[in-house]
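Have a look at the structure below before the remarks.
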Amino acid sequence: MSADPAAPGYAGPGRPVLEVTDLEVHYGLRRRRRRVLQGVSLSVARGETVGVIGETGSGKSTFARAVLGLVHASAGRIRIDGEDVTGYSHRQWRALRRRGVVQYVFQDPLRSLDPDLAIEESLIEPLLVQGVGRAEAVARARRYLARVHLDEDLLRRLPGELSGGQRQRVTVARVLVTEPALIILDEPVSGLDSANRVQVLQILKDLRDSGVALVFISHDLGSVAGVADRIAVLYEGEIVEVAAARTVINAPRHVYTRLLVGSAPTLRSAAADRAGRDALRARLRV
Amino acid sequence: MTPVPEGVPESAVLALRDVRIRDEVNDREIVHGVSFELTPGRVVGIVGESGSGKTLTCRAALGILPEHFVVSGGSIEITGHDIAGLTPARWVDLRGGTISAVFQDPASYLNPSIPVGRQIAEVSRVKKGLNRRAARHRALELLAAVRLRDPELVYGQFTFELSGGMLQRVLIAAAIAAGPKVLIADEATTALDVTVQAEILDLLADLRERTGLALVVVSHDLAVVAQVCDEVLVMRSGEVVEQGPTAQVLYQPRHEYTRLLIDEHEQYGLDRFLDAPAADAPEVDGSGDHLGAGEKELDRVR
Amino acid sequence: MVRRVLSLVSARIAAGVLFVIVFLAVFGKLLAPQDPLAGGPQQLAGASWHHWLGTDYLGRDVLSRLLEGSRISVLGSVEVALIALVVGAVPGILSVYLGRAFEWLTLRVADTLIALPFLVFAVAVTALLGNGISQAMITVGVLISPLFYRVSRAATLAVARSQYVEAALISGASIGWIVRRHVWVKVLPPIAVALAQTVGIGFVVVSSLTFLGIGVQPPAPTWGGLLASDLRYLHYQPYAPVAPIVLIMATVWGCNQLADAIRDVSGEAGRALLNTRRARVNRVADREPVSVEGGAR
């Protein structure tokens, strides 16, 4: 089992950038306390993209927030870039974040950019926080703008004046300026139209090829399938299946994964199997 | 009923003819001519990105264009009647009773302080003149018809107690309460999880088969539309760039934009993996570079 | 922002009115034709060439007293608004960030202050600290401050939960950084509305207090004080209260109009307003060529 690439501990080809072991997260206090994540183990290597698929309430966002230190883990270990961050204090977290090792891309680019700040200001913010000088920060931001195929004249505009696709590429550029080793993306293409979706996904692929580790969180298997090396399926707070993307899609083992694959809208299998889905749903309910 | 105008097949429940919509604020045309006909039990899909005019087109058919938007050309007929110049009272009759709609965010269309069942019952009371008990009975029937598992329980629940998928079912129940002939589903599954989206799409297909409901399914995702529709319109910046039977649009796309939509699914979506015959699939060694192999294979297949 | 506010007719009128009032407050003393404190032989005289607005019960020129009194009245209300702003807005913003204890404490203090009737309380405080305009204004300012506390807290909460603040947090930004860079700008427009409103409220309160004889010592003229003395001699001079009343009303109206205007142009409501106008313009512009075409046919 341990040699199996599908095993949770398997870290892929490079050095692991993220190692999560037996992560457990609870919300609420005392009687209202409920478990959101249980026994989640996942590791992501340099130059690897891991898709984390789950529906609303499956705990996928909590997973991201735990890795970013925004929620407290009640058990388990988290190692980022070799550093054990499990019991970190606020101050230690801030120092870690300031280094820009881990970054996060939100689903909704409009809401994750300050509407009153010019694009340039948003782009250089992580660098200014690090204490980089303004001129240097602007110069670096421009370099990354080119990497996400955006024009420099966008720098003076406000987020509201950009298209959705441009905005999402700006938020990608913003996380790139600190040269992170790990980027967590929460539904980065869900709000985008086809053309922009393709463009953002291509940028992500290029990033992966340049050695960055990506965790791609989504409810939609389809949007992850094209870029993920491995896929982890999160169901009710537990990872029920981890395997290479192709394996998960073509030979799903868990009932939920099968329903997920059967539910994802596809073009060519348009005459979808309604009865099959009904049967899977019935099995999940038991 | 007034006589059906010439040239319209009697069965068309919704017919748009070269509908144009103008924005009076910025003084420009937003939708440049949309035409389609919908007969009972048929499903027309409209695909396009945000701002393509697909939602405005639907809203025009429902007579609920946002402020400062007007239908500036063409005609819309609902069950053979031109809707231009309909009085508000006639609209009230028409909406719900003949044409109905569900939208993306179900929670915002329901009152959070009234149990959802009563809100559905209200539709039957107002539209069909049922008394309180009959309306309740009808609402329970409807909740069962949209395949909610425990209609009695859901009847007394509030919006915040229900999940997005359940709310969308409740909304569909309310939309079909007065027995409309046309249901417009505008991005009705966009905000939902994939598995729930499939449930709602299955439900719509089911309703259409059982009741002969005609559907207009609007989505930004070609795959969603492809799954349930007989005819597809591809819209881009207010223009219908491609229109035809679903199979034809999928397999012989003429416009480059349609091709782009299909390519996206083939390159980045599930189709990329599902297309490859399982027997041909290369052995996955999990070393992380199998994707490169997959790409090469895809190129070869093409 | 300023330009957008002034594009509204009501805002322009309000700004004009307020400008005149401020002008009176600054230069009132110089404009006063006579000594506002010097009594004269004619008591409770009607309007005449010499006394444009007549004289009061001691024979003092009413116009001069009104002009002189505008300074205390206007400065008093501005003082009230500024004190309320500082005392309210700062803890309002900080309550979101400084932890549960601070939040709980400030919320309870704000609740308590709201519960106190400020006129009565101002009377009590001046009785305790001695009668003076500053004591009265500080008291009223503190008592109005919950308005600013709530407004700025609500605005800050909305910003604090936004994703761009979270994004900054994930980049390692400190709370001070976030407040300076993201929060402050968003909190300003609602505070501007509250400020304009408070100047109006403050004005009524200052006038009421001086009407009751609190805050200013008797010979010093204020609009509220003038109104009070006028009312006492209503029997002899029924029209005398009109002048101070009109001034008070105009000022309060101006402040409220300005507050409404700021509210109207900021956010969603502002866009709807501008759209309605532009659509109207376009519709009118369109109608012309259409009718020409119809005529030609």
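Protein chains in written order, with the numbering used here: chain A, -6 to 279; chain B, 58 to 359; chain C, 1337 to 1633.
Just so it is clear, CB atoms sit at the ideal spot from N, CA and C, and this is done for glycine as well.
Using DSSP with H/G/I as helix, E/B as strand and the rest coil, what is residue i?
i, result
"A:G293", "What the structure shows of chain A is the stretch from -6 to 279, and residue 293 of chain A is not part of that stretch, so it cannot be assessed."
"A:Y20", "strand"
"A:Y228", "strand"
"B:D337", "Reliability of the predicted coordinates at B:D337 is poor, the pLDDT of 39 falling under 50, and the value obtained from them is presented with this limitation in mind. Three-state DSSP puts B:D337 in a helix."
"A:Y97", "strand"
"B:F93", "strand"
"B:P302", "strand"
"B:H125", "coil"
"B:K353", "Annotation note: pLDDT 38 at B:K353 (below 50); position unreliable, no value reported."
"B:I241", "strand"
"A:R276", "helix"
"A:Q31", "strand"
"A:E113", "helix"
"C:L1548", "coil"
"B:I17", "A question about residue 17 of chain B goes unanswered here, because the residues of chain B that appear run from 58 up to 359."
"B:G213", "coil"
"C:R1339", "helix"
On a Cα-Cα basis, can you pick out the residue from the options that is closest to residue i?
i, options, result
"B:G98", "B:S68, B:I121 and B:R182", "B:S68"
"C:F1457", "C:L1443, C:A1472 and C:A1446", "C:A1472"
"A:T42", "A:R162, A:A139 and A:A225", "A:A225"
"A:V170", "A:G215, A:V217, A:L121 and A:L214", "A:L121"
"B:F330", "A:G219, A:R267, A:R251 and A:R58", "A:G219"
"B:P123", "B:T114, B:I103 and B:G130", "B:T114"
"C:G1561", "C:R1401, C:G1536, C:P1369 and C:Q1378", "C:R1401"
"B:T136", "B:I87, B:V70, B:G301 and B:A283", "B:V70"
"C:V1338", "C:A1509, C:L1567 and C:L1524", "C:L1524"
"B:L258", "B:V239, B:K238, B:A283 and B:S294", "B:A283"
"C:G1536", "C:A1503, C:G1590 and C:A1490", "C:G1590"
"C:G1469", "C:P1557, C:G1512 and C:T1442", "The amino acid occupying residue 1469 of chain C in the given sequence is Ile; Gly does not appear at that position. Nearest of C:P1557, C:G1512 and C:T1442 to C:I1469, Cα basis: C:P1557."
"A:G32", "A:H19, A:R167 and A:Y81", "A:H19"
"B:T315", "B:A234, B:L73, B:A141 and B:R293", "B:R293"
"B:I87", "B:I103, B:G108, B:A271 and B:L151", "B:G108"
"B:E313", "B:Q324, B:Y325, B:G326 and B:E299", "B:E299"
"A:L214", "A:S34, A:R25 and A:I46", "A:I46"
"B:V275", "B:A196, B:G102 and B:L205", "B:G102"
"B:A234", "B:E323, B:E198 and B:R206", "B:E198"
Hey, would you say residue i sits closer than 8 Å to residue j, going by beta carbons?
i, j, result
"C:L1318", "C:L1421", "Since the first residue of chain C shown is 1337 and the last is 1633, residue 1318 of chain C is not available in this structure."
"A:P173", "A:Q96", "yes"
"B:S92", "B:D75", "yes"
"A:V78", "A:I176", "no"
"A:E17", "A:L30", "yes"
"B:I319", "B:L279", "yes"
"A:V165", "A:V131", "no"
"B:D287", "B:T268", "no"
"C:A1586", "C:S1346", "no"
"A:R28", "A:G255", "no"
"B:A118", "B:I78", "no"
"C:A1496", "C:V1432", "yes"
"A:L252", "A:L277", "yes"
"C:V1416", "C:G1538", "yes"
Am I right that residue i and residue j are in contact with their C-beta atoms under 8 Å? What's the rounded C-beta distance?
i, j, result
"A:V196", "A:R162", "One point to set straight first is that residue 196 of chain A is Ile, not Val, in the sequence displayed. A:I196 to A:R162, Cβ: 7 Å. Contact."
"C:F1484", "C:I1527", "7 Å"
"C:S1409", "C:S1510", "At roughly 44 Å, the Cβ-Cβ gap does not stay under 8 Å, so C:S1409 and C:S1510 are not in contact."
Does at least one heavy atom of the ligand MG sit under 7 Å from the Cβ of residue i?
i, result
"C:V1461", "This structure lacks the ligand MG; in fact it carries no ligand of any kind."
inquiry  = Count Cβ pairs between the segment 234 to 244 of chain A and the segment 62 to 72 of chain A that sit closer than 8 Å; are there 3 or more?
reply    = no
task = Report yes or no: do three or more beta-carbon pairs, one from the segment 32 to 43 of chain A and one from the segment 7 to 16 of chain A, lie closer than 8 Å?
result = yes
task = Spell out a yes or no on whether the segment 247 to 260 of chain B and the segment 184 to 197 of chain B are touching, meaning 3 or more CB-CB pairs, one atom from each, closer than 8 Å.
result = no
message = Does the segment 1460 to 1480 of chain C come into contact with the segment 1559 to 1577 of chain C, if we say contact requires no fewer than three beta-carbon pairs (one atom in each stretch) closer than 8 Å?
response = no
ask   = Does the count of Cβ pairs from the segment 99 to 110 of chain A and the segment 148 to 164 of chain A closer than 8 Å reach three?
value = yes
ask   = Does the pairing of the segment 258 to 272 of chain B with the segment 178 to 189 of chain B give three or more beta-carbon distances under 8 Å?
value = no
task = Could you tell me whether the segment 224 to 238 of chain B touches the segment 203 to 215 of chain B, where touching means 3 or more Cβ pairs closer than 8 Å?
result = yes
inquiry  = Check whether the segment 137 to 157 of chain B and the segment 293 to 310 of chain B are in contact - that is, three or more C-beta pairs closer than 8 Å.
reply    = no
ask   = Are the segment 1512 to 1528 of chain C and the segment 1484 to 1504 of chain C in contact at 8 Å, needing three or more beta carbon pairs?
value = yes
key: Meets three-Cβ-pair contact criterion under 8 Å: the segment 1389 to 1400 of chain C and the segment 1447 to 1467 of chain C   = no
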